[in-house]
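Taking it in order: structure first as structure tokens, then the write-up.
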Amino acid sequence: MPNQPLDIPLEKIPRHVAIIMDGNGRWAISRGLPRLAGHKAGTENLRRVIRATVEFGIKYLTIYAFSTENWGRPPEEVQGLLHILEDVIDRELNELHGEGVQLRHIGRLEKLAPGLQEKVLHAMKLTKNNNRLILNIAWNYGGRDEIVQAIQRIIKDGVEPDKVTDDLVSQYMYTVGVPDPDLIIRTSGELRISNFLIWQAAYSEWYITPTYWPDFDKEEYRRALETFAQRDRRYGGVTEAVAHKTHG
Ligand code: FPP
Numbered sequence: 005m006p007n008q009p010l011d012i013p014l015e016k017i018p019r020h021v022a023i024i025m026d027g028n029g030r031w032a033i034s035r036g037l038p039r040l041a042g043h044k045a046g047t048e049n050l051r052r053v054i055r056a057t058v059e060f061g062i063k064y065l066t067i068y069a070f071s072t073e074n075w076g077r078p079p080e081e082v083q084g085l086l087h088i089l090e091d092v093i094d095r096e097l098n099e100l101h102g103e104g105v106q107l108r109h110i111g112r113l114e115k116l117a118p119g120l121q122e123k124v125l126h127a128m129k130l131t132k133n134n135n136r137l138i139l140n141i142a143w144n145y146g147g148r149d150e151i152v153q154a155i156q157r158i159i160k161d162g163v164e165p166d167k168v169t170d171d172l173v174s175q176y177m178y179t180v181g182v183p184d185p186d187l188i189i190r191t192s193g194e195l196r197i198s199n200f201l202i203w204q205a206a207y208s209e210w211y212i213t214p215t216y217w218p219d220f221d222k223e224e225y226r227r228a229l230e231t232f233a234q235r236d237r238r239y240g241g242v243t244e245a246v247a248h249k250t251h252g
């Protein structure tokens, strides 16, 4: 039943979903294909997941596409991924723009070729007034790198130590103005954060599935959201029920 509506009360739909799209390589190898074929299948899947995100009424989606550590992969894989990024911008930008998707990049742009940097900046400029879905693409992104840069800028701005608060630090992150992710999905079963949104994920809920990213379909996305809707988010406090019991 692919077009079944979400069976979740509106207030339980996450505002912000973040995804670690893992398992492209293993998906390809398990089919006797080169790893890049897995990244291509993963990119096709990303198109479907973006559309499902809009349909489910989720406002912010952040995807981990290339980490600051991914430069250490074999050069042909790195080149292939850069080529995919360029190709996606060339082929999908107008359609995403037409669908009201705002594209943002998080991470360091400077290591990309100047022509590709320009394409990314153009995509962000073109879509900057769209508000149906804010899509953050983490490319050459590292969570520690983001925090280090924030500290450097806070010091450069001459902020007094006692003015450094949780809120102020958030203002110095790439995600300024974006609510922290409510739900982080990681495919392919690994149980780690891999330097992704380490500041912003302080109270995120996790959904980890053994499914490889290219096979993570709308039905499983729906299951992730339904699982999330049943979580009891306590932010270090206690549930209503426990609080009630404690106070008699
Ligand atoms: C992790 O799988 C996936 C990546 C490092 C790349 C993800 C990128 C895409 C799906 C392309 C998205 C493109 C754009 C333009 C946003 P892996 O290679 O680590 O898989 P493995 O753990 O099985 O080896």
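Offset between the sequence shown (1-based) and my numbering: plus 4.
Glycine is no exception: its CB is placed at the ideal position from the N, C-alpha and C atoms.
Smallest Cα separation from residue i: which of the options?
{"i": "Asp236", "options": "Ile62, Ile33, Tyr207, Asp166", "result": "Tyr207"}
{"i": "Ile151", "options": "Thr179, Asn133, Ser192", "result": "Thr179"}
{"i": "Trp143", "options": "His20, Val163, Glu114", "result": "Glu114"}
{"i": "Trp31", "options": "Val21, Ala228, Gly42", "result": "Gly42"}
{"i": "His87", "options": "Ile197, Asp166, His101, Lys44", "result": "Lys44"}
{"i": "Pro218", "options": "Gln83, Ser34, Pro13, Val182", "result": "Ser34"}
{"i": "Leu85", "options": "Asn98, Leu10, Gly29, Val173", "result": "Gly29"}
{"i": "Gln175", "options": "Gly162, Leu187, Arg157", "result": "Arg157"}
{"i": "Pro214", "options": "Ile24, Leu14, Pro18", "result": "Ile24"}
{"i": "Leu50", "options": "Val168, Tyr216, Thr72", "result": "Tyr216"}
{"i": "Gly147", "options": "Phe70, Pro38, Arg52, Arg39", "result": "Phe70"}
{"i": "Arg39", "options": "Ala56, Arg77, Val53", "result": "Arg77"}
{"i": "His101", "options": "Val53, Pro165, Ile155, Asn134", "result": "Asn134"}
{"i": "Arg52", "options": "Arg226, Asp171, Asp166, Ile159", "result": "Arg226"}
Beta-carbon within less than 7 Å of residue i's beta-carbon, same chain only, minus the 5 sequence neighbours each way: which residues are those?
{"i": "Glu194", "result": "Asp26"}
{"i": "Val92", "result": "Thr47"}
{"i": "Val58", "result": "Glu103, Arg136, Leu137"}
{"i": "Met5", "result": "With a pLDDT of only 44 at Met5, under 50, the local geometry of the prediction cannot be trusted, and the value read off the model is given with reservation. Excluding positions up to five away in sequence, the list is empty."}
{"i": "Pro185", "result": "His20, Val21, Ala22, Thr66, Leu201, Gln204, Ala205, Ser208"}
{"i": "Ile212", "result": "Arg190, Gly193, Leu195"}
{"i": "His109", "result": "Val124, Met128, Ile141, Trp143"}
{"i": "Ala154", "result": "Val173, Tyr176, Met177"}
Can you list, in chain order, the residues of its chain with a C-beta nearer than 6 Å to that of residue i? Leave out the 5 residues immediately preceding and following it.
{"i": "Phe220", "result": "Thr191"}
{"i": "Gly252", "result": "The predicted position of Gly252 is uncertain, since its pLDDT is 38 and thus under 50; a value taken from the coordinates is nonetheless stated next. The answer is none, since no qualifying residue turns up."}
{"i": "Ala228", "result": "Ile189, Tyr211"}
{"i": "Pro183", "result": "Arg19, His20"}
{"i": "Tyr68", "result": "Ile24, Ala142, Phe200"}
Per DSSP, which one or two residues make a beta bridge with residue i?
{"i": "Gln175", "result": "None; Gln175 has no bridge partner."}
{"i": "Val21", "result": "Leu65, Leu187"}
{"i": "Arg108", "result": "Asn140"}
{"i": "Glu209", "result": "Leu187"}
{"i": "Ser71", "result": "Tyr145"}
Can you round the beta-carbon distance between residue i and residue j to whole angstroms, since I take them to be within the 8 Å contact cut?
{"i": "Leu139", "j": "Leu65", "result": "5 Å"}
{"i": "Lys123", "j": "Glu90", "result": "6 Å"}
{"i": "Tyr145", "j": "Gly111", "result": "3 Å"}
{"i": "Lys63", "j": "Ala233", "result": "The pair is not a contact, with the Cβ atoms about 16 Å apart (cut-off 8 Å)."}
{"i": "Glu73", "j": "Asn199", "result": "7 Å"}
Short of 8 Å in beta carbon distance, which residues of its chain neighbour residue i, apart from the five on each side in sequence? Order them along the chain.
{"i": "Glu230", "result": "Leu10, Asp11, Ile12"}
{"i": "Lys132", "result": "Gln106"}
{"i": "Ile54", "result": "Leu65, Leu100, Val105, Leu137, Leu139"}
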